Every structure is written in structure tokens, then in C-alpha cells.
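Notes follow the structure.
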């Protein structure tokens, strides 16, 4: 029976991909047989058709997501929607190099197991009481995800978390239901905290960089690393606390006492690492230097005699240091070798580039403004409700398609809607960027969700029910915190269009 289910699942996935592959192409051919809708230019109609085609491929994963992101690089120059130089610049912009530098620094942290040491030292200090263990894993996972990919964090933490869950299942004090509840809560906490941690810094997840790149490319607005953290960290800590409390006290109450074997597992991991090596120390110093420059950029610049720092240059500077700082000079061993870069998720960089190219075209050819004008016909919607509806839309769409693809498709529209209501685009765009990291319901929604689901310690109904409730909580938490904190940090005034929007319009 199991083999039959797997076979049917494969057939179903294959059919969805085939439908998406052919459906996207057929839609494009048929749509172009019609005249553009009123108010949309011929070029705008072409861009809209391409955007819908790409959205269909992204939703069905008809081809790899990164391959879909290459469509603008081919079609825009052919259809005279841009030159290869102008379109290609989106694939090699500051946002892409910021992400690349962040990935390379993350690779060095992983190569020398610095991430494991940080995680185990964090978990060790919280004690062996089950709720504390869940909290310790969540804090460690969230912190690491601020700086390295959510996927890498979850993959690294999962085997240790499974060992702890199985130990309590075998030897813990408590009934079978309590033991199972602990394992489920630990797995879900690990996945959700990786996603939440990613929203706290600009380099934590690709949607944050997409947000930054969009505003820099289309409006010349620099999103400061520290400003982002001043909003992202409080939001992340709040969501972490809520998720931990919901998992360990409400949804999966862990009515058990601790087990000394948990400490033994953590100690064994630390013993295997040994004393902190020279490579770890030097990698840590490069990381701290890079993070300090990101965070303190605005404080440092006045002392540089007119020199200007930007996040992408800082990221690449940190990456270069890793290739020139030796571990063993005589043996020619450095903190990173070029061969290590094979593990860079290059597809994410292409996805960012394609997303920025598509979003730029939607702006330039009036597609976003045209769609926004249809929505702003409902002119009596209060600002707080616009924020709530935006967050709700992005969270639930991110359950079904890549969060970067979701933000790519809707960010230009969200910005146009805000402008149509005579509001600062950041009023809606900022919560949308955070919302893209809050897809908690389905294994397919995020890599961390899929990874922990593979542990076998939880079911799809458990994840779906828990995730739906947490999605609802996240909708209200993000709406309130972005409406209050985000507006204060980014100086958003209700009913006032900032100068950078007016300059763009001119």
C-alpha cells in the first residue's frame, strides 16, 4: 500500500508540473491574441502576460524555480522590453552581491563547524526541562538563521533534535502522548524558528534582500541594515516567544521532567568539536567584523573622509577575507577554498535577479500602476486594514509558492496600491516582506518545514492545524508591530507620499 501511495503521489506531482508547463505557454499564446485591457499599453500587456506565465511556472514548479527566473533575460530583449545590458544588470545588482557575500560567509561558518558550536553552547545553557530544551533549540536556530540560510540551519540542527526526541521517547518520564507531543513540538519549533530568525536581518533570507533590491533599483531608496534589524529583531523575538509558548504549553503540552541524557548528547557534540580551533576563531572574527560594518555603517562613515560604505561591498569584502586569511600558510590552506563555492545556492541568486528584472519591468511599463488603480477604486479602506489584508495575502500565498516568487510577483502591485491610496509604499511593502517568512502550514511552504516533516515525528494534519493557527497569530502580530514600530523606524507618515516616490513619478 505504501508503494502505491508514493507512486500515486509521483504521478500527481508529474501531472501538476505538466499542466503548469503547458498551461503557462498556452495562456501566453492565447492572451496575446487579445488587445491590451483599457489603460494598459502594448508593452505593459506583454509584461503582464510574461508575469502571469512566470507565476504559473513558479506555482506548479513546471521547471526549476531558478530557470523560470531566467525568462526575462531571454524575452525582454527579444520583445524590445529592455536591452540585454539593462535586464542583465538586475541579475548582477547590489542585492545579488549582498546575498552572494552572505552565502560565502555562511559557508565558512559551516566549513569550520562554528554554527554547531554556537548552537550547542546555546542549548546547553537552557537546561534539560523539555520546554526549556524546545526554547533552547528555537533560540539557537533563530540566531543562526539570522546569518546563514534557513535550510542549512535546519539541516544542521535536525539530527541533534531527533536524538533528543528519541532519547526522551525511550527513557523519559511521562506517558506516551506527552513524549510524542515533545517530539512534535521540537520539530515544529525548529522549523518555525529558522523561518522567524531569517526575517531579523537583511541577509537572513532572500525575501529581505528582494525587498531591499526592489526599492534601491526602482526608487533609489537605501534600506539600512540597522534600521531593518530595529524592526526585524523585535518582531522576531515576539513571534519566537509566541510560537514557543503555543507549542509547549497550549498545542503540545510537554508534561514531563527532564532527562540527564539530554545534557550528555549536547556534551558529546561539544566534545567532538574539541577546543575552539584557529580556523573557527578567525572565521568568527571575519563574521563579527562584517556584521559590525553592516550594523554600524552609518556611525562609521563620517570618520571615513567621504568614503561611502554599502551593504553589498561589505559582504563581498568579508567574503574576500575568507579566501586570503590562512589557516595553515605552509600547507596553503585558507578559511575558504574556491572549491567550497560549489555549495553556494546559485539558484537563489538567479531567482533574485529574475525577480528584480520582472518587478522593474512591471514598474517601468505601468503594469503595477494599472493593477493598483483597479484596487484603489475602493477608496474608503483604512490604512490598518490595508496592512492586515496585505499580510494575510502574502502569508497564505507563500504556503503555495516560493516566498521569493510571491514577493516578486506582488511587491510592485502592493507598492502601486499604497501610492494609489496616497500612502508611503513602505506602509504595505515592509509587512509584506516579513509576511513572506511566516508560512507555517504546509511542508511545501518552506525548506525548513519540508526538512522537519521528513523526520517522521509529525504528520501533515499536525503541521497544517498548528501552522494555520500560527499564521493567524502572525497576521495580527505583524500588522500591529509593522504599523507601529515599522512606521516609527522608517519614518512613515500616514497620508503622506515621501519625496523619493514623487521624484520617481516625475
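Numbering (our numbering), first residue to last: 7 to 512. Even glycine gets a Cβ: it sits at the ideal position worked out from N, Cα and C. Bear in mind that the values here come from a model prediction, so they are computed numbers and not experimental data.
The residue among 411, 395, 47, 159 with its C-alpha nearest the C-alpha of residue 121 is 159. Within the model, the alpha-carbon separation for residue 239 versus residue 409 is close to 20 angstroms. In this structure, residue 231 lies near residue 301, with their beta-carbon atoms less than 8 angstroms apart. In the three-state reduction of the DSSP assignment, residue 334 falls in the strand class. Cβ atoms of residue 70 and residue 364 stay farther apart than 8 angstroms, at about 16 angstroms. If you draw a straight line from the Cα of residue 153 to the Cα of residue 447, it comes to about 24 angstroms.
Classified as buried, residue 286 has 16 or more neighbouring CB atoms from the shown chains inside 10 Å of its CB. A check of alpha carbon separations from residue 504 across 54, 441, 421 identifies 421 as the nearest.
For the alpha helix (DSSP H) assignment, the uninterrupted runs of no fewer than 4 residues enclosed by the segment 436-483 are, from N- to C-terminal side, 453-459. The segment 96-104 makes no contact with the segment 385-399; the number of CB pairs closer than 8 angstroms stays below 3. Rounded to whole angstroms, residue 279 and residue 126 show a C-alpha spacing of 10 angstroms. Burial of residue 250 is indicated by the presence of at least 16 other C-beta atoms within 10 angstroms of its C-beta. When 198, 22, 31 are compared, the shortest CA-CA separation from residue 151 is found for 198. Collapsing the DSSP output to three states places residue 73 in a helix. Excluding sequence positions up to five before and after residue 316, its CB lies within less than 7 angstroms of the CB of 100, all in the same chain and listed in chain order. Taking the C-beta atoms as reference points, residue 134 is found nearer than 8 angstroms to residue 269. Under the three-state reduction of DSSP output, residue 402 falls in the helix class. In this structure residue 114 is in contact with residue 289, their Cβ atoms being roughly 5 angstroms apart against a cut-off of 8 angstroms.
For residue 339, the three-state secondary structure derived from DSSP is strand.
DSSP places residue 382 in the coil class of the three-state scheme, outside both helix and strand. A residue is called buried once 16 or more other Cβ atoms fall within 10 Å of its Cβ, and residue 213 is buried on that count. In this structure, the straight-line span from the alpha carbon of residue 139 to that of residue 176 is close to 17 angstroms. The beta carbon of residue 403 lies closer than 8 angstroms to those of 412, 416 in the same chain, with the five residues before and after it left out. Taking a 10 Å sphere around the C-beta of residue 343, we find fewer than 16 other C-beta atoms and assign the residue as exposed. With respect to the 8 angstroms criterion, residue 194 and residue 472 are classified as neighbours on the basis of their beta carbons.
C-alpha of residue 323 to C-alpha of residue 233: approximately 21 angstroms in a straight line. Inclusion of residue 129 and residue 229 in the CB contact set at 8 angstroms is not warranted, their separation being larger than that value. Under the Cβ criterion (8 angstroms, minimum of three pairs), the segment 201-210 does not count as touching the segment 390-400. When DSSP assignments are scanned along the segment 129-185, the uninterrupted stretches of alpha helix (DSSP H) that are 4 or more residues long and fall wholly within it turn out to be 136-151, 156-177. With respect to the C-alpha of residue 359, the residue from 112, 253, 106, 455 having the closest C-alpha is 106. The beta carbons of residue 211 and residue 443 sit about 6 angstroms from each other, so the pair counts as a contact at 8 angstroms. Assigned with DSSP and collapsed to three states, residue 68 falls in coil, not helix or strand. In this structure the segment 20-28 lies against the segment 58-68, because at least three pairs of beta carbons, one per stretch, are closer than 8 angstroms. Apart from sequence neighbours up to five positions away, the residues of its chain that approach residue 356 with a beta-carbon distance below 6 angstroms are 72, 75, ordered along the chain.
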